[in-house]
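Report on one structure; see the data block that follows.
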Amino acid sequence: MAIKVYLIAIIVATIAAALPALATDYVVGDNAGWRLGVNYSAWAQDKTFFLGDRLVFNYSQGLHNVYRVNGTAFQQCASSSLSEALTTGNDIITLATPGRKWYLCGVGNHCASGMKLVITVSSAEAPALAPAPTSGSSATYQKSLFISCVWMLAALAVIYMM
Ligand SMILES: *[C@@H]1O[C@H](CO)[C@@H](O)[C@H](O)[C@H]1NC(C)=O
Ligand SMILES: *[C@@H]1O[C@H](CO)[C@@H](O)[C@H](O)[C@H]1NC(C)=O
Ligand SMILES: *[C@@H]1O[C@H](CO)[C@@H](O)[C@H](O)[C@H]1NC(C)=O
Ligand SMILES: [Cu+2]
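The numbers in the UniProt record's numbering rise by one with no breaks, and the one at position 147 of the sequence shown is 147.
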């Protein structure tokens with residue numbers, strides 16, 4: 001009995017430890033990345049962003065950058081008065097608070113040309129039982145695969161208890 005309890009504790013702990021890893025990484029613009037000529041409204045419109053998910057801005061360092069701005073600056077593409085830009089070419093932003101988030105490129109007139117992204121972060125954590133998206137990226141596919149494994153483990157644990 002003690003061994004069973006111990007095993008179940010391990011399984012539960014494993015699941016709990018793995019849960020934060022369920023967050024999804026979204027490469028902004030997918031294969032196109034962060035550049036001119038991509039409609040980021042179209043890119044974002046079919047996605048639901050959850051707390052803990054991450055945005056990855058992928059671009060050639062030096063050609064672009066990423067500013068986190070408020071809604072006013074977003075409308076006006078006002079980047080001059082802003083705080084520091086992210087400039088690594090592989091800028092990763094964790095979505096840590098719910099609500100609307102605005103990003104723009106501060107290089108030249110890139111923002112006015114459409115290099116801007118607004119998303120809404122859901123106040124929920126990524127659901128553990130989210131259905132696999134039909135047009136899923138490999139990241140979301142791995143995520144649903146992982147969730148399946150977790151549930152199989154949980155089912156095995158229940159069977160073992162009986
Ligand atoms: C970008 O995509 C959105 C949503 O599909 C669309 O409403 C908008 O007109 C597009 N913008 C441009 C500049 O094509
Ligand atoms: C970033 O962009 C480069 C060049 O287009 C591409 O080779 C690479 O796979 C991209 N990285 C990600 C994480 O999408
Ligand atoms: C938005 O950001 C700009 C630039 O950082 C700042 O001047 C302005 O006060 C901000 N507006 C609001 C409503 O926070
Ligand atoms: Cu740019």
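Each residue gets a CB set at the ideal place from its N, CA and C atoms; glycine is no exception. Fair warning: this is a prediction, and the values are worked out from it, not measured in the lab.
Sorted by chain position, which residues of the same chain lie with C-beta nearer than 7 Å to residue i's C-beta, five sequence neighbours on each side aside?
i: residue 110; result: 36 and 64
i: residue 87; result: 61 and 65
i: residue 38; result: 29 and 32
i: residue 53; result: 23, 24, 26, 95 and 126
i: residue 71; result: 100 and 102
i: residue 113; result: 36
Keeping to the same chain, check which residues put their C-beta closer than 8 Å to that of residue i; ignore five residues upstream and five downstream.
i: residue 47; result: 26 and 119
i: residue 97; result: 51 and 121
Report, in whole angstroms, the separation of the C-beta atoms of residue i and residue j, which I expect to be a contact under 8 Å.
i: residue 93; j: residue 55; result: 5 Å
i: residue 40; j: residue 117; result: 4 Å
i: residue 121; j: residue 49; result: 5 Å
Ends of the alpha helix (DSSP H) at residue i?
i: residue 40; result: 40 to 45
i: residue 73; result: 71 to 76
In terms of residues, what are the limits of the beta strand (DSSP E) holding residue i?
i: residue 124; result: 116 to 125
i: residue 94; result: 90 to 94
i: residue 29; result: Note, residue 29: premise wrong, no beta strand (DSSP E); not H, not E.
i: residue 56; result: 54 to 58
i: residue 104; result: 99 to 104
i: residue 51; result: 49 to 51
Ignore the nearest five residues each way along the sequence and tell me which others in residue i's own chain have a CB closer than 6 Å to its CB.
i: residue 57; result: 28, 34, 66 and 91
i: residue 162; result: none
For residue i, write down the residues that DSSP places opposite it in a beta bridge.
i: residue 68; result: 103
*Under a criterion of Cβ closer than 5 Å to any non-hydrogen atom of ligand 1, which residues qualify, in chain order?*
39, 41 and 42
*asked:* Using a strict less-than 6 Å threshold between each residue's beta carbon and the heavy atoms of ligand 4, what residues do you get?
replied: 64, 105, 107, 110 and 115
*asked:* If you measure from each CB to the nearest heavy atom of ligand 2 and keep those under 7 Å, what residues do you get, in chain order?
replied: 27, 31, 33, 56 and 58
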